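Using the working numbering, the first residue of the sequence shown is number -6, and each one after it goes up by one.
Just so it is clear, CB atoms sit at the ideal spot from N, CA and C, and this is done for glycine as well.
Note that the structure is predicted; figures quoted are calculated from it, not measured.
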Amino acid sequence: MDDIDRTENEETGRWKNFNSWIKRKFNYECYMTFLNGCYSCKWEAKQEKKARRPLCCCSLRERLFCPWLIVSFFLSTLLLFTWIETSNEFNGFDWVVFLATGIWFFWSIVLLSFLGILAAYTTLLLVLGFLLCWEKNQLYLHWYHKILILIVTLFCSLLLWILLTYWKDRWLTIGLSLQIFAPYIHLSSVSVMVLLSWPVAIYLIHLEGEARMRRFQITSIERKRNKRCNMHTKLRALQVAIGLPFVLILLCLYVVPFGIHSPCVQERDKLGPKPDFFGHRGAPMLGPENTIMSFEKAVEHGAHGLESDVQISLDKVAFLMHDYDLRRTTNILDVMPNASHKHSSFFNWDFLSTLNAGKWFSDSWIKPFFRMKPLSEADKKRARNQKIPKLSELLELAQKEKKLVIFDLNAPPRSHPSRSSYIHLVVSVILDSKIEQHLIYWLPGSDRKYVRSKAPGFQHIGRLFTIEELRKENITRINVDYKRLFYNGLKEYKAANISINLYLVNEPGLFSLAWCSRIPSVTTDNIQVLKEINHPYYFMTPKFYLFMWIFLDILSAVFIVAIFHFYWRRESQSEKTLHGITSYTDWIRAHHNDLILILSLKDLSPKLVLYRSASETPSASIHDEVLEVVEIPGLATKSKMEYPDSEVIIPEVVKETTALTMHPTDDIGQLVPTEPAFEPIQAPTSEANREATLRTILPTLEANEPMVPSVERPPPET
């Protein structure tokens, strides 16, 4: 019964070890299969772990294509970041695409999603390639991926060229974004560097250990001196290539606040008043643009002024319309589809007044703004009944609510009967409405002398002219594109007591920047959101930023030093393995003539088990005599890390005149088996202490059948 129970226990232990081996092997195989499948489209599971390869194990073709992958990653990421930062321009971009295609859609969101997919795709391939290199696997990017990467690179290059050629001012939005988020980007970047220091420390110290091991091996293996020296140089160069940029970036982040200037970092008592609002075409997110409903919604939400666009009809009636045709904001496609592309100024007012200007806003499933909130049933019903208003209707509302009026006056086409007299016509309409003249912000730049003579009470608004030109025209207010705020916050204009109105400001962050820059007023589509802001976003005082800067720099430096020190100590402990083995060589040579050295890494406290061989073959057998079991403190963690739950047995035949040598290794420092393995067998002995020693040491060797590489033996003496 005892024999049966012992046999069952042995079988259970073996199956337990076998199942754990399957679990460990299966998880690693799944991991490597996933990496190779996604990167190389090779989904075959491999039964054995591939031999670890040296550095730069990729083929020349793969190394030549790697820069293309990196370039596509940077281009797609740059374009994605740029487009995210131009979110304030999304509605204008959709309108430009509508003019070219005649289809209204959220083209800006489509482009944003597409750029996000490209950036995610290139990032995934880059991460997969890094993980495969980390596992020392040979890279092979499938030709499907290579074709897609080339397409991504060409597409991003084309899009970048278009932005640089036709949309140069959009790059200023990135500068404005940095002015808003610069302090937060700085603090976040320092935190990211702390997280990156972990893998950087692991890799750099791992390379340091490899370099030291190779330097140690050079002294003992002369026949591989040149190869080892070349690899040693590559390891050092790789350390510099990784460590130096990390240190330089970290130092730059530590001192970058000296070069940061953000209007959002200032004392609270220096913060200016909240800017006033001009409703851009009314409140276009609450009612159909350029309709009475839209202007009334703007007044309800506290607009300081009303902005619009004025056209002249064929029968000399000034009406409100932004587009050159009527397709987008009216139902002309249902009423007169053949004339839908006709300029709106070539219609009589009798026809224009019959068009519906609100159904496109309330009933269409595609709204004019992506983040527009749904309308109530009452607002939907009201929007369906909106018509194209006259300029006189807007002036009547402004006079009633005491609101300022500013408008763009579009010149009629060349063949229009009012082409030469449209300025006189509009001035007459304003004067006939009996509105107070100081409520009119006159923006058109033509015939200013005539306008001043007919309506001396108008407040004239200029563009971004020089200060000398503005003073010559006696203009004290300007209407400026918000991107021009990048140029020193328009300080020279504010110093000359020139009031500034920015257009078109929709994002809360951009509005906060205008507030911190002491801008008096802004023109916006998003009045219902901006009016709820009672304090600038991303605002902080200089003292708070200084405290966070110093505190985070000190904390990050402590963490980074601690991480490097921790992994340096671990690597130093592993280096004691080599010194420990060499230090015992003299002792072995002094006490024994013919020994077999077995290094067991199965146990957490490694041991040197010394046998006196009773035969000519260098293998342990039942006739061998156990001489001593030597505990080596601080021995070996490196092989334990690289080969968990395994054993490395180093046999060595030691003569009186020969020293113990290290076993041959491959290019990355791993043991290379050169002869068939043997299975050490527990040797019977009469002494109780030796039997106890063998019971604790040898069963681990018997259970796993370790592979024992042999060593070169001197020829037998004659």
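Limits of the unbroken beta strand (DSSP E) element including residue i
i, result
"residue 508", "Note, residue 508: premise wrong, no beta strand (DSSP E); alpha helix (DSSP H) at 501 to 509."
"residue 454", "452 to 455"
Selected residue, minimal CA-CA separation from residue i, among the options
i, options, result
"residue 263", "511, 561 and 563", "511"
"residue 193", "561, 272 and 277", "561"
"residue 306", "155, 378 and 412", "412"
"residue 321", "294, 338 and 349", "349"
"residue 457", "451, 443 and 487", "487"
"residue 127", "438, 25 and 20", "25"
"residue 312", "122, 256 and 302", "302"
"residue 492", "455, 499, 423 and 71", "455"
"residue 65", "203, 153 and 124", "153"
"residue 468", "484, 478, 434 and 496", "434"
"residue 271", "296, 121 and 441", "296"
"residue 382", "315, 130 and 489", "315"
"residue 231", "176, 124 and 204", "204"
"residue 172", "124, 32, 258 and 182", "258"
"residue 415", "395, 432 and 438", "438"
"residue 485", "461, 502 and 474", "461"
"residue 168", "78, 328 and 525", "78"
Residue range of the alpha helix (DSSP H) that includes residue i
i, result
"residue 69", "53 to 78"
"residue 343", "342 to 345"
"residue 353", "352 to 355"
"residue 439", "Where residue 439 is concerned, there is no enclosing alpha helix (DSSP H), given that its DSSP letter is neither H nor E."
"residue 392", "384 to 394"
"residue 104", "100 to 127"
"residue 85", "83 to 94"
"residue 289", "285 to 293"
"residue 141", "136 to 159"
"residue 360", "Residue 360 -> no alpha helix (DSSP H), and no H or E assigned at all."
"residue 733", "Outside the displayed span of the chain (-6 to 711) sits residue 733, for which this structure offers no information."
"residue 421", "415 to 425"
"residue 464", "460 to 465"
Those residues which DSSP pairs with residue i across a bridge
i, result
"residue 271", "298 and 516"
"residue 278", "In DSSP, residue 278 forms no bridge with anything."
"residue 495", "473 and 515"
"residue 312", "304 and 383"
"residue 398", "299 and 433"
"residue 533", "258"
"residue 527", "Residue 527 is not bridged to any residue."
"residue 349", "380"
Rounded straight-line distance, which links the Cα of residue j to that of residue i
i, j, result
"residue 178", "residue 544", "16 angstroms"
"residue 103", "residue 363", "11 angstroms"
"residue 638", "residue 538", "Unreliable positioning characterises residue 638 in this predicted model, as indicated by a pLDDT of 40, which lies under 50. The coordinate reading is nonetheless provided below. When rounded, the distance between both Cα atoms is 51 angstroms."
"residue 558", "residue 195", "11 angstroms"
"residue 430", "residue 450", "5 angstroms"
"residue 425", "residue 436", "19 angstroms"
"residue 135", "residue 110", "19 angstroms"
"residue 323", "residue 112", "39 angstroms"
"residue 60", "residue 100", "31 angstroms"
"residue 353", "residue 480", "39 angstroms"
"residue 309", "residue 402", "14 angstroms"
"residue 261", "residue 528", "11 angstroms"
"residue 444", "residue 174", "44 angstroms"
"residue 76", "residue 466", "38 angstroms"
"residue 52", "residue 63", "17 angstroms"
"residue 201", "residue 118", "28 angstroms"
"residue 499", "residue 470", "21 angstroms"
"residue 85", "residue 291", "20 angstroms"
"residue 551", "residue 248", "17 angstroms"
"residue 289", "residue 375", "12 angstroms"
"residue 357", "residue 317", "21 angstroms"
"residue 176", "residue 246", "11 angstroms"
Supposed close pair residue i, residue j - CB separation, criterion 8 angstroms
i, j, result
"residue 133", "residue 55", "7 angstroms"
"residue 379", "residue 266", "No, residue 379 and residue 266 are not in contact; Cβ-Cβ is about 34 angstroms, not under 8 angstroms."
"residue 68", "residue 146", "6 angstroms"
"residue 242", "residue 206", "Residue 242 to residue 206, Cβ: 29 angstroms. No contact."
"residue 523", "residue 517", "6 angstroms"
"residue 140", "residue 294", "At roughly 52 angstroms, the Cβ-Cβ gap does not stay under 8 angstroms, so residue 140 and residue 294 are not in contact."
"residue 359", "residue 391", "Rounded, the Cβ-Cβ distance is 31 angstroms, inconsistent with contact."
"residue 540", "residue 509", "Going by Cβ atoms, the distance from residue 540 to residue 509 rounds to 20 angstroms, so no, they are not a contact pair."
"residue 333", "residue 325", "5 angstroms"
8 angstroms Cβ cutoff, residue i in contact with chain C
i, result
"residue 23", "Absence of chain C from the displayed structure is noted, only one protein chain being present."
Heavy atom of the ligand NAD within 7 angstroms of residue i beta-carbon
i, result
"residue 480", "In terms of ligand content, the structure shown is empty, and the ligand NAD therefore cannot be addressed."
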